[in-house]
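So the sequences go chain by chain: H and S.
Each residue of the first sequence is one higher than the one before, counting from 1 in the numbering used here.
Each residue of the second sequence is one higher than the one before, counting from 617 in the numbering used here.
Notes for the one structure printed next.
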Amino acid sequence: MTWLNPAAFAFLAAIPVILLLHSLRYRRRDVQVSTLFLWEQVMREAHGSLGLRRLIQNLPLILQILLALLLTLAMANPALTKAVKRSKDIVLVLDVSASMQTQTPQGTRFDLAKQQALDVLQALPSGRQMAVIAAGRQPQVVTFYTDEKVLLRQLISQIQVTDAPGNMREAVLLALSFTQGRLTQEVVMIGDGAYRHLADLELPRSQMRHIQIAGGKDNVGIVRLAFRKVVETEPRYEVLIAVKNFSPEPRDVPLQLTLRGDRVLERQLQLEPGEETVIVTEIAGRLRGVAHAEILVDDAFALDNHAYGVIAAQTQTWVLLVGQSNFFLEQLLTSIPGVQVNVAPDVSADALPELLEANHLMIFNGVQPPPLQRGRYLLIHTTPQDPRLQADGVVQQPKVIDWARQHPLLQFVNLTDLQIEESLALHPRDGVQSLIDSDGISLMSVIDEPSLRVVTLGFDLMRSDLPLRVAFPVLINNLLRWLHPEGGGAVAGQVQAGTPYPLFFETSVAQVAVQDPQGAEKTYEVQGNPWLFPDAQHVGVYIFRYGESKRYLTVNLLDAAESDIAPANALPTFAPSGDEASRQAIGVVQTPLWPYLLLMAMVAGFGEWLIWCRDW
Amino acid sequence: MAETLFDAEFMKKLETLRFLARRVFRGQTHGERNTLRRGMSLEFSDYRRYHEGDDFRYVDWNVYSRLDQLFLKVFTAEEDLTLHLLLDTSQSMQMGSPAKIEYAKKVAAALGYIGLSNLDRVGAIAFSDELGVPKPPQRGRQQIFPLLRYLETLPCEGGTALNRTLQNYATQSRRSGLAIVISDLFDPGGYERGLDALAYNRFDVLLIQLVDETEIQPELDGAVRLQDIETAQQRRLTINRRLLNLYQQKVTEYFTAIETFCTKRNIEYLRASTIVPFEDLVLQYLRRGLYLQ
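Structure (structure tokens):
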């Protein structure tokens, strides 16, 4: 409480004056009476008790003092100071990841989340704005700041949950970029709390609010599905299926695998809580078509009960080897099934587009390539004509310090004690990733863009012992898989839901008709080769039709973290600490109290007047 | 004091009055008051059959001649009445204008004069919280001046203890008679047991309550400190109209309670205000109440 006019307290001096006047006014007259017992009866009956009698006798004085006190307080102008949380603009981050499809007794988690979002919108003070971000695999801005609640309500209602794993980290970072650290803006996250890679984020807690949606915990899901053609004379395929029980109770899980409707595998699994079973089996025969793995259970999260794959006829991978002859490389490439090698001494810029149509990838060995705009390339002991990756001289006998073991190109590749006589001193810049590091230089770098993939090896294979190592065929095999994934073997396109899928065309294609798992067909304009299909959002089989060709893409969840629908144990907490809370309480409201005091003074004055009239 | 209390005309009027005792008392000597005792007076009372040993002088021979039976004429014996004047001299009797004590002394003197004029024995005693020095009952007109002097010298002091003093007087008095109690009856301890004691000891009781008008309708207003004149206790009070009305209600209830009590005990009760001239009280109110004739 604040006193806006404390000088008025000087009027409290009126109270002693009132007491003095009252004592003079009420100087009692001494009267002798014959007896008091009749008067005592009167006093008992009139006032009940002595305390009440004294109170009533002194009521005029009390009222006068009260009147003076209230008037003084009113003149002192007290104001009730209340720290209020200033209303804020809101960036609403709505979790649309696959786990939000979990069924709860009240509906799906996503239904509850949308209701919470509408409640947040309802509580948004007028004049404040809201932006909405859908946090799927990639954050999507549904709307930027707007104060049109009708539009916001409509947009929130139209948001759909996806079959993809979520990436709340990117969504939160995007949301925070909206707020730009202003205290008048707040990020409100609505989701089930299963956010990966968020705990390590330095979040400004005063600007964050998390609304957790819970419910549903019983789930068994397929977390991996893979097909591999066994390299033998007779066509045989290996199938890997991993099933995990995320429920707190043991479950009996019937599993079946069908290929083009024919049941090719059937198992009965018994899974303890948290147990994962991996089934690897071989299927003989020349297989082709859509494979559907399914577990026949009734749980809260049905999306991961299905997984799809496509086994397609093997395609040829055409490789153009340009430049110096390399015995080890040529022998290795020709020994890989399905790989056809062409050789050319040089390639001009004019001939490059035509060669790109005829070859899936090109290897430039010691020959400077023309400027590269699209395609897949392996450059050995040379550099692309790209400012992002230049060679600054050569380095003698560079030592391998470290390499990116997790990168698909270097998986299972051991480069320990690799001997290199000489290498170009590669200096990768923005957008170029170094995979093999030496002392201050890169020995191997990659440019990875949707339509351009370039792997640059800084040293001549013949001036190192790499071709003699086991790592060499592994590296080349990884190169072929990474640079030409669709030609890698028996399995056609398979991608996780929400991931853009690059589609390579053998010929020039202008339009592609895509049929989604629900059967709806949509036509896309193709603007490059490869062409990125952006809408692989739902689990199932997508069918691409262009010209006379037909391609399949299977989309799966296959994400153990997303299938683990149990409420997260360690949720990010954004409750502001004491200091931060006080910083948030930056709004101060002063409510003047003098009208109430004046009203009470009037009541006291009226009471005094009433007593005076009644001559009490 | 006789000259100051009464003028000659008033005294003449008093001489014409005599007390009416509703109860017949056994007198000490022959007097002017009839008793149930058959005696030797000139006033015929009744006949009764002759019994052996009766005095033949009282046989009515006329009746014998007509009825041939012996009947004796019975005459009423005339004895004197003892009048006990009990005067409240507590400090509360000082109150009023005129003071209640002065009024009470005049009334007591007048009643004593009446008694003495009719050859009754008249005694007096003052009481407050204790019994005062009594003036024993004596008869004869010559006793009027000692009675007046006794009354005149009575001090007004002490509190009031009606029950105790009346009880003591009733038990100490050797001769019953007409007890005239003159008091304001303002005693928080009550009066009932005292009056009961008098009645139990065969006193015919006449209770005269003297009050001042200011005690019935106090002229008080505002903040006052009331002081009991007898106990010196004080009460602070802010008087207003409502309290005055309530006080008058309590006074009325108190008077009504006295009346009810006296009616139940067959005690004559007269309440008089000091604004009534005491001559009127004696000559009119007491006669109207058939206490005097």
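Note that CB positions come from ideal geometry on N, CA and C, so glycine has one too.
Cβ proximity to chain H below 9 Å picks out nothing from the region 751-775 of chain S.
A Cβ-Cβ contact shorter than 7 Å links residue 319 of chain H with residue 333 of chain H. In the displayed model, residue 691 of chain S falls within a strand according to three-state DSSP. Taken through DSSP and simplified to helix, strand or coil, residue 237 of chain H comes out as strand. Residue 250 of chain H is positioned such that its CB atom lies closer than 7 Å to that of residue 272 of chain H. Interface residue (Cβ-Cβ distance to chain S less than 7 Å): residue 38 of chain H is classified as such. The closest CA to that of residue 327 of chain H, considering only H:467, H:274, H:128, is found on H:467. Boundaries of the alpha helix (DSSP H) around residue 563 of chain H: 560-563.
Taking a cut-off of 8 Å on C-beta distances, the region 499-515 of chain H does not touch the region 426-444 of chain H, as fewer than three cross pairs fall below it. Taking 8 Å as the upper bound for CB-CB distance, residue 804 of chain S and residue 35 of chain H are in contact here, some 7 Å apart.
Around residue 64 of chain H, no beta-carbon contact reaches into chain S at under 7 Å, the shortest distance being about 15 Å. For the pair of segments examined, the region 55-69 of chain H was found not to touch the region 725-741 of chain S: the number of CB pairs separated by less than 8 Å stays below three. With fewer than 16 other beta carbons inside 10 angstroms of its own, residue 765 of chain S counts as exposed. Counting along the chain, the unbroken alpha helix (DSSP H) around residue 119 of chain H starts and ends at 109-122. For the pair residue 438 of chain H and residue 428 of chain H, the CB atoms are not nearer than the 7 Å cut-off. Looking at the backbone, the Cα of residue 284 of chain H and that of residue 539 of chain H are separated by about 27 Å. When the beta-carbon positions are compared, residue 688 of chain S and residue 670 of chain S come within less than 7 Å of each other.
Looking at the backbone, the Cα of residue 517 of chain H and that of residue 344 of chain H are separated by about 44 Å.
Assignment of residue 347 of chain H by DSSP, reduced to helix, strand and coil, places it in the coil class. One alpha carbon belongs to residue 595 of chain H, the other to residue 19 of chain H, and they sit about 26 Å apart. For residue 880 of chain S, there is no enclosing beta strand (DSSP E); the enclosing alpha helix (DSSP H) covers residues 857-881. Under DSSP, residue 552 of chain H takes part in a beta bridge, and its partners are H:543. A check of alpha carbon separations from residue 462 of chain H across H:494, H:423, H:444 identifies H:423 as the nearest.
For residue 459 of chain H, the pairing in a beta bridge is given by DSSP as H:423. Taking a Cβ-Cβ threshold of 9 Å, none of the residues of chain S is close to residue 608 of chain H; the smallest such distance is about 15 Å. The beta-bridge partner set that DSSP reports for residue 78 of chain H consists of H:3. For the pair residue 15 of chain H and residue 65 of chain H, the Cα-to-Cα distance works out to about 6 Å. Residue contact check for residue 825 of chain S against chain H: no CB pair falls below 7 Å. Between the beta-carbon of residue 152 of chain H and that of residue 132 of chain H there is about 7 Å, and that keeps the pair under the 8 Å contact cut. Going by beta carbons, residue 303 of chain H and residue 557 of chain H fall inside the 7 Å limit. Interface criterion met: the Cβ of residue 28 of chain H is under 7 Å from a Cβ in chain S. Residues of the same chain with a CB within less than 6 Å of the CB of residue 161 of chain H, apart from the 5 flanking positions on each side, are 96, 100, 101, 110 in chain order. Assigned with DSSP and collapsed to three states, residue 195 of chain H falls in coil, not helix or strand.
In this structure, DSSP gives residue 359 of chain H a state outside helix and strand, which the three-state scheme calls coil. Taking a cut-off of 8 Å on C-beta distances, the region 874-891 of chain S touches the region 824-834 of chain S, as three or more cross pairs fall below it. Unbroken beta strand (DSSP E) stretches of 3 residues or longer found wholly inside the region 19-73 of chain H: 29-33, given in chain order.
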